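Reviewing the structure listed below.
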Amino acid sequence: MSRWADPIETDAYYAAHRPAILGLRGMAASGHYLASTAAYEILKQGGNAIDAGVAAGLCINVVQPDMTSLGGVAPIMIYHRETRRVSTIDGLGVWPRAASIEFFRERCGGDMPPGILRSVVPAAADAWITALARFGTLRFSQVAAPALELAEGGFPVYRFLYRNMLFDLPGYRRWPSTASTFLRDDAPLPPGTVLRQPELAATLRRMMRAEDSASTLGRDAGLDAARAEFYEGETAQTMARFAQAEGGLITAEDLRQFRVKLEEPVHVHYRGYDVYACGPWCQGPVLLQALNLLEPFDLAAWDHNGAEHLHVVLESLKLAFADREAYYGDPRMVDVPMEALLSKEYAAMRRRCLDMAHASTELPSPGDPYGFEQGRRKGALTGPSVETAQRNATWEPDTSYLCVVDRWGNAISATPSDSAASSPLVPGVGCIISSRGSQSWLAENHPSALAPGKRPRLTPSPAMVLRDGNVFMTLGTPGGDIQPQAMLQVLVNVIDFGMDLQTAVERERAATHSFPNSFWPHAYTPGLVCLDPGFPDGVVTRLADAGHRVQHLTQWERHRRTGVCAIRVDPTSRVLVGAADSRRESYAVGW
Numbered sequence: 064m065s066r067w068a069d070p071i072e073t074d075a076y077y078a079a080h081r082p083a084i085l086g087l088r089g090m091a092a093s094g095h096y097l098a099s100t101a102a103y104e105i106l107k108q109g110g111n112a113i114d115a116g117v118a119a120g121l122c123i124n125v126v127q128p129d130m131t132s133l134g135g136v137a138p139i140m141i142y143h144r145e146t147r148r149v150s151t152i153d154g155l156g157v158w159p160r161a162a163s164i165e166f167f168r169e170r171c172g173g174d175m176p177p178g179i180l181r182s183v184v185p186a187a188a189d190a191w192i193t194a195l196a197r198f199g200t201l202r203f204s205q206v207a208a209p210a211l212e213l214a215e216g217g218f219p220v221y222r223f224l225y226r227n228m229l230f231d232l233p234g235y236r237r238w239p240s241t242a243s244t245f246l247r248d249d250a251p252l253p254p255g256t257v258l259r260q261p262e263l264a265a266t267l268r269r270m271m272r273a274e275d276s277a278s279t280l281g282r283d284a285g286l287d288a289a290r291a292e293f294y295e296g297e298t299a300q301t302m303a304r305f306a307q308a309e310g311g312l313i314t315a316e317d318l319r320q321f322r323v324k325l326e327e328p329v330h331v332h333y334r335g336y337d338v339y340a341c342g343p344w345c346q347g348p349v350l351l352q353a354l355n356l357l358e359p360f361d362l363a364a365w366d367h368n369g370a371e372h373l374h375v376v377l378e379s380l381k382l383a384f385a386d387r388e389a390y391y392g393d394p395r396m397v398d399v400p401m402e403a404l405l406s407k408e409y410a411a412m413r414r415r416c417l418d419m420a421h422a423s424t425e426l427p428s429p430g431d432p433y434g435f436e437q438g439r440r441k442g443a444l445t446g447p448s449v450e451t452a453q454r455n456a457t458w459e460p461d462t463s464y465l466c467v468v469d470r471w472g473n474a475i476s477a478t479p480s481d482s483a484a485s486s487p488l489v490p491g492v493g494c495i496i497s498s499r500g501s502q503s504w505l506a507e508n509h510p511s512a513l514a515p516g517k518r519p520r521l522t523p524s525p526a527m528v529l530r531d532g533n534v535f536m537t538l539g540t541p542g543g544d545i546q547p548q549a550m551l552q553v554l555v556n557v558i559d560f561g562m563d564l565q566t567a568v569e570r571e572r573a574a575t576h577s578f579p580n581s582f583w584p585h586a587y588t589p590g591l592v593c594l595d596p597g598f599p600d601g602v603v604t605r606l607a608d609a610g611h612r613v614q615h616l617t618q619w620e621r622h623r624r625t626g627v628c629a630i631r632v633d634p635t636s637r638v639l640v641g642a643a644d645s646r647r648e649s650y651a652v653g654w
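Taking my numbering, the leading residue of the sequence shown gets 64, the next gets one more, and so forth.
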């Protein structure tokens, strides 16, 4: 029996700052309380989890402009109860046809400067509408109504938004269109001030009007018309003209030809659970590889967050990240040996590289998975040596998260992203053109090397867990490269240590940075481990003695790095449990 099996008798039950939210009829959890409330209202109106999730995602694009954008990215996972299948929508744009490594070498001196040149085709709007069309029941105008109200009528600036804008102030000052929306007298709007985004509201209204104009042809035609406004209509033309005027590469033709991709997820079995992630066009498989590596260890036999527990988690993650750097990329353009990388046999081979007494002080060498796939070529497509990666760079957080489970058993898990500080707001549109190109490499031999029509390797990576064919948990988080690390620790807290979900989300976490950062210029900090405040001195000392280069985070750094949200479904009672990280404005709402 788990050490946490009797919650009344354990201190762990009281470790959380908030209660877990319990319900029977529907549950939403997201990076902002207004988005969670919007999802809840859609559920109350009879919408399903996908309708509610899209409503929450659109609201997040409004109330978390420091983290996300309607013109950004939005990878989505959906469990459809009727078919009992998990599907993914990549929600990730591609490089424009005019983009190339040679362009950045010749025109930018081998740099990838911030702003419009990093733009890939915006994907979030298409992702939300595609989710509605394939799995939802309501019209775009119905689910977009809360976001329109928040953009047009405004919402109060909250402390986390204010502090993020203050921290990233040079980015908001860099472009006049961005500064005019978010700054007053060259400073961020203070907490409690009402922030309105009339140009973003106008874009939502244009999409709604387009839907209404086609409504006589049916719901699907209306959704297609709303999407067409963003990618072919006035909105698209405005974005293309602005990008060209600013010296960018995005054209109207790039926008017109783009479609998000519906793909099969990848998954592994872990202690009787099926854990699903998006494919290697994002870093989602890192979570799955790390779970495979950890499975033979009796983690619950060690002290939770003790030195042994943290060491094996961190070293497993390093091995998974080494494979990420060597193999992950857009599988439409890169040969990714995904089946082998997620096999138990490959994990057993990789586990032999894990030293239980000593930390890897550099990124480990990648494994060779090709021997596990007959008929595949031998040898890894390796990235540039980590010795060539930048050793220092500023860490720039963005991204949010949302999940919803409805009374029928449908579920959505989505990780929208792209900050307003990363690229200029398009005048007349009110959102950025996705800056996610910053996650590509300007090195031909890297699997995530820039190429026209190619997707960058994305950090946002939602997850979903099934048991016996039904949803057991949805989870995700902001946090760049820390996302799979935080999600891994929350899953271990729940599955291995039997923790209450809210406690599992709030417990202290550790993160390795011993790999090149996903964001340009791909900072590399070998051996570095960052710890949340609250770890005992004895644990820190033992980690340092094993060779980990430990750095303590401040409370503010802790808040900015991750903010896990999750929903758990009790397999027997079907009670829904929602948890939202107290590190941020995250909230769960249920009934």
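Every residue, glycine too, gets a C-beta built ideally from N, C-alpha and C. The model shown is predicted, which means the values in this text are computed figures rather than measured ones.
{"Asked": "Any beta strand (DSSP E) of 3 or more consecutive residues that is wholly inside the stretch 134 to 169", "Found": "139 to 143, 148 to 152"}
{"Asked": "Outcome for K381 when other beta-carbon atoms lying within 10 angstroms are tallied against a minimum of 16", "Found": "buried"}
{"Asked": "CB of L351 within 8 angstroms of CB of V331, strictly", "Found": "yes"}
{"Asked": "Residue(s) in a DSSP beta bridge with H615", "Found": "L594"}
{"Asked": "Assigned exposure category for P328 - 16 Cβ within 10 Å defines buried", "Found": "buried"}
{"Asked": "F218 vs V126 beta-carbon contact at 8 angstroms", "Found": "yes"}
{"Asked": "The stretch 633 to 641 in contact with the stretch 81 to 92 per 3-pair CB rule at 8 angstroms", "Found": "yes"}
{"Asked": "For W654, three-class secondary structure by DSSP", "Found": "coil"}
{"Asked": "Beta carbon of R605 nearer than 8 angstroms to that of H622", "Found": "no"}
{"Asked": "Proximity test, G641 beta-carbon vs the ligand HEM heavy atom, cut-off 7 angstroms", "Found": "Inclusion of the ligand HEM in the displayed structure is not the case, the ligand content being empty and no account of it being possible."}
{"Asked": "Backbone secondary structure at H585 - three-state DSSP", "Found": "coil"}
{"Asked": "As assigned by DSSP and simplified to three states, the class of C341", "Found": "coil"}
{"Asked": "Neighbourhood of A162 by C-beta distance below 6 angstroms, restricted to the same chain and skipping five residues each side", "Found": "L312, P515"}
{"Asked": "DSSP bridge partner residues for H330 (one or two, in chain order)", "Found": "Y339"}
{"Asked": "Candidates T540, R530, L591, of which the one nearest G335 by Cα", "Found": "R530"}
{"Asked": "Distance CB(K517)-CB(W158) smaller than 8 angstroms", "Found": "yes"}
{"Asked": "Member of L252, E215, R268, L213 whose CA lies at the smallest distance from the CA of F230", "Found": "L252"}
{"Asked": "Through-space distance from R170 to D644, alpha-carbon basis", "Found": "43 angstroms"}
{"Asked": "CB contact flag (Y465, G173, <8 angstroms)", "Found": "In the sequence on display, residue 465 carries Leu and not Tyr. Their beta carbons are not under 8 angstroms apart, which means L465 does not touch G173 by this criterion."}
{"Asked": "For P523 and P261, the rounded distance between their alpha carbons", "Found": "28 angstroms"}
{"Asked": "Contact check, A385 vs F578, beta carbons under 8 angstroms", "Found": "yes"}
{"Asked": "Contacts around A79, its chain only, beta-carbon distance under 6 angstroms, and the 5 residues preceding and following it disregarded", "Found": "Q565, T566, E569"}
{"Asked": "Start-to-end residues for the alpha helix (DSSP H) that takes in M412", "Found": "407 to 414"}
{"Asked": "CB contact flag (C497, S240, <8 angstroms)", "Found": "It is Ser, not Cys, that sits at residue 497 in the sequence shown. No."}
{"Asked": "Beta carbon of A188 nearer than 8 angstroms to that of L133", "Found": "yes"}
{"Asked": "Residues that DSSP places opposite S204 in a beta bridge", "Found": "Partner(s): none; S204 has no beta bridge."}
{"Asked": "Proximal residues to A607 (C-beta, below 8 angstroms), its chain only, five neighbours per side dropped", "Found": "V613"}
{"Asked": "3 or more residues per run - each beta strand (DSSP E) lying fully within the stretch 224 to 309", "Found": "none"}
{"Asked": "Residue from G493, P209, D114, R624 whose Cα sits closest to the Cα of A573", "Found": "R624"}
{"Asked": "Buried versus exposed, by CB contacts within 10 Å (16 or more), A98", "Found": "buried"}
{"Asked": "For L380, the first and last residue of its enclosing alpha helix (DSSP H)", "Found": "370 to 390"}
{"Asked": "Stretch pair the stretch 481 to 492 + the stretch 294 to 314: three plus CB contacts closer than 8 angstroms", "Found": "yes"}
{"Asked": "Unbroken alpha helix (DSSP H) run spanning L606, endpoints", "Found": "600 to 608"}
{"Asked": "Counted within 10 angstroms of its Cβ, other Cβ atoms place N473 as buried (16 or more) or exposed", "Found": "buried"}
{"Asked": "Beta strand (DSSP E) segment containing A643, residue limits", "Found": "639 to 643"}
{"Asked": "Stretch-stretch touch, CB-based, cutoff 8 angstroms, three pairs: the stretch 197 to 207 with the stretch 269 to 286", "Found": "yes"}
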